[in-house]
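What follows is a single structure, written as structure tokens, with notes after it.
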Amino acid sequence: MLNIILMGPPGAGKGTQAKILIAKFNIPHISTGDMFREAIKEGTPLGKLAASYINDGHLVPDDVTIGLVKERLSKDDCANGYLLDGFPRTIPQAEALEVLTKEIGREVNYVINIDTPKEELVSRICGRRVCKKCGAPYHIVNVKPKVDGVCDICGGELVQRPDDNEEALNIRLEAYTKQTKPLLDFYAKKGLLKTFSGKSREELTPQLLELLEGK
Ligand code: ADP
Ligand code: ZN
24 MLNIILMGPP
34 GAGKGTQAKI
44 LIAKFNIPHI
54 STGDMFREAI
64 KEGTPLGKLA
74 ASYINDGHLV
84 PDDVTIGLVK
94 ERLSKDDCAN
104 GYLLDGFPRT
114 IPQAEALEVL
124 TKEIGREVNY
134 VINIDTPKEE
144 LVSRICGRRV
154 CKKCGAPYHI
164 VNVKPKVDGV
174 CDICGGELVQ
184 RPDDNEEALN
194 IRLEAYTKQT
204 KPLLDFYAKK
214 GLLKTFSGKS
224 REELTPQLLE
234 LLEGK
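Start counting the sequence shown at 24; every next residue gets the next number (my numbering).
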């Protein structure tokens, strides 16, 4: 059973690796960031609340985020494994996750930390563009689409996330350092943490597959 948490600073490439792993192991991708963006797009009350935090780079309050994940993890499709991407991000979230997963017999057994140097994060995030329709990620220099501003996969329009600018990124990095980094120690003490440092996306994928394969 693969009950995985994927961790790392904004821009580490969590989303890209997550998409490969969920396809390979056929488990649901639970990205709190994606869930919030979906709610914002639909204009739900949750979306309105989330937008007021996300757009300038702040974390959404714990009670809201925990409630959302609790509901999602209890669904049937998580019975044979799941991949959490972007959750937990604070110690209270990690503690709540522990209680919840124990209750439902779906305890986390892998915490994968993708470590990336800060200089690289800034250029990756500020040059990032995403498809408005399917969410596929691009980069103005590193991962160009075939036609400028158009998604290769679905033809959707490529846009910049409202929080992918230097100002919001600084706030996100500060939240990461202060609130999320302490989780590395939390999971290391439980013997669950595996860190991968300074790997290109092409190098990292086979290493993650090797770690998780046959489990
Ligand atoms: P990134 O890792 O690139 O920052 P995400 O898509 O994971 O992007 O998250 C985008 C934003 O959504 C975060 O900056 C935060 O505002 C909000 N968010 C996502 N997950 C959480 C979480 N677990 N707790 C609080 N806020 C969250
Ligand atoms: Zn697309």
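C-beta: ideal position from N, C-alpha, C; glycine also.
Sequence-distant residues of its chain with Cβ nearer than 8 Å to residue i (five each side left out)
{"i": "Gly221", "result": "Asp138, Thr139, Pro140"}
{"i": "Val166", "result": "Pro160"}
{"i": "His162", "result": "Arg147, Gly150, Arg151, Arg152"}
{"i": "Glu189", "result": "Val145, Cys149"}
{"i": "Leu227", "result": "Gly36, Gln40, Ile137, Phe219"}
{"i": "Leu69", "result": "Phe59, Ala62, Val87, Leu91"}
Sequence-distant residues of the same chain with beta carbon closer than 7 Å to residue i, five excluded per side
{"i": "Ser97", "result": "Ile127"}
{"i": "Arg112", "result": "Leu82, Gln202, Thr203"}
{"i": "Ile77", "result": "Phe59, Val83, Asp186"}
{"i": "Pro115", "result": "Asp85"}
{"i": "Pro32", "result": "Thr139, Leu144, Leu196, Tyr199"}
{"i": "Leu91", "result": "Thr55, Met58"}
{"i": "Leu232", "result": "Lys47"}
Residue environment, residue i, which counts as buried when at least 16 other CB atoms sit within 10 Å
{"i": "Thr200", "result": "exposed"}
{"i": "Leu44", "result": "buried"}
{"i": "Arg151", "result": "buried"}
{"i": "Gly56", "result": "buried"}
{"i": "Gly172", "result": "exposed"}
{"i": "Asp100", "result": "exposed"}
{"i": "Asp108", "result": "buried"}
{"i": "Leu234", "result": "exposed"}
Beta-carbon proximity list for residue i, same chain, < 6 Å, skipping 5 on both sides
{"i": "Leu206", "result": "Ala117"}
{"i": "Tyr210", "result": "Val134, Leu216"}
{"i": "Leu120", "result": "Pro111"}
{"i": "Val164", "result": "Gly150"}
For residue i, the nearest candidate out of the options (CA to CA)
{"i": "Ser54", "options": "Met24, Cys177, Ile89", "result": "Ile89"}
{"i": "His52", "options": "Phe110, Lys212, Leu82", "result": "Phe110"}
{"i": "Lys217", "options": "Asn165, Gln230, Glu226", "result": "Gln230"}
{"i": "Ile135", "options": "Glu226, Phe219, Arg151", "result": "Phe219"}
{"i": "Leu25", "options": "Ala35, Ala46, Pro33", "result": "Ala46"}
{"i": "Gly214", "options": "Asn132, Val153, Ile176", "result": "Asn132"}
{"i": "Leu181", "options": "Ile114, Glu225, Ala191, Lys169", "result": "Lys169"}
{"i": "Asn103", "options": "Phe48, Tyr161, Glu226, Pro160", "result": "Phe48"}
{"i": "Ile194", "options": "Gly80, Glu142, Glu65", "result": "Gly80"}
{"i": "Val145", "options": "Cys154, Leu192, Ala62, Gly158", "result": "Leu192"}
{"i": "Arg95", "options": "Arg129, Ala74, Glu65", "result": "Arg129"}
{"i": "Arg184", "options": "Asp208, Lys125, Ala74", "result": "Ala74"}
Contact under 7 Å by Cβ, residue i with residue j
{"i": "Leu29", "j": "Lys42", "result": "no"}
{"i": "Lys156", "j": "Gly179", "result": "yes"}
{"i": "Gly34", "j": "Ile176", "result": "no"}
{"i": "Lys93", "j": "Leu123", "result": "yes"}
{"i": "Thr67", "j": "Arg224", "result": "no"}
{"i": "Tyr105", "j": "Ile50", "result": "yes"}
Any chance you could list the residues with Cβ under 5 Å from a heavy atom of the ligand ZN, keeping chain order? Cys154, Lys156, Cys157, Ala159, Cys174, Ile176, Cys177, Gly179
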